[in-house]
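Here's the structure we're looking at; comments come further down.
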Amino acid sequence: MTATFDRCRAEHHCHARHCGTHVPPEMLMCRPHWYMVPPEIRDRVWKHYRPGQCDDMNPSEEWHKAADEAIEAVAKAERIRCVRIHGPECGCWNGPKKAAGPVQGDLFR
Ligand SMILES: [Zn+2]
Ligand SMILES: [Zn+2]
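Each position in the sequence shown, counted from 1, maps to that position plus 4 in the working numbering.
So, in structure tokens, the structure goes:
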């Protein structure tokens with residue numbers, strides 16, 4: 005039993021920027037974000053996904069590349085939507101202004 009294994013399982017969350025939704029390790033993103041990714045990139049992420057890659061922390065180069073593109077695609081889509089709906093001043097796609105309070109506090113209890 006390794007700490008890395010537990011950490012990965014416990015903390016696996018959606019890879020879209022600023023999304024803290026917990027997802028199973030085999031999922032790159034939560035459902036709403038995943039469906040914002042163009043099908044062509046989604047196919048590539050699945051094609052290069054290897055079961056257990058999260059456990060040994062060693063995903064393939066190809067998977068990393070596809071995953072990066074997926075994350076980029078979501079960020080772009082969210083920015084376009086934000087500007088269209090909220091206006092150019094909003095910037096919510098870029099994350100909350102600044103979260104208050106140390107999130108890691110729980111670890112030390
Ligand atoms: Zn998400
Ligand atoms: Zn916005």
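Positions of the beta carbon are idealized from the N, C-alpha and C atoms, including for glycine.
Query, Result
"Hey, H52 and W67 are a contact pair by Cβ (cut 8 Å); roughly how many whole angstroms apart?", "4 Å"
"Quick check on the DSSP output: what are the complete alpha helix (DSSP H) runs of length 4 or more inside the stretch 7-74, in order along the chain?", "7-15, 35-38, 43-52"
"Does at least one heavy atom of ligand 1 sit under 8 Å from the Cβ of A20?", "yes"
"My output table needs one value for C94: the three-state DSSP class, helix, strand or coil.", "coil"
"For C18 versus C34, is the C-beta distance shorter than 9 Å?", "yes"
"Using 8 Å for Cβ pairs, my map puts M40 next to A77. What's the rounded Cβ distance?", "7 Å"
"Taking only three categories from DSSP, how would you classify G99?", "coil"
"Given G95, which residues of its chain have a CB within under 6 Å of its CB, disregarding the five upstream and five downstream residues?", "none"
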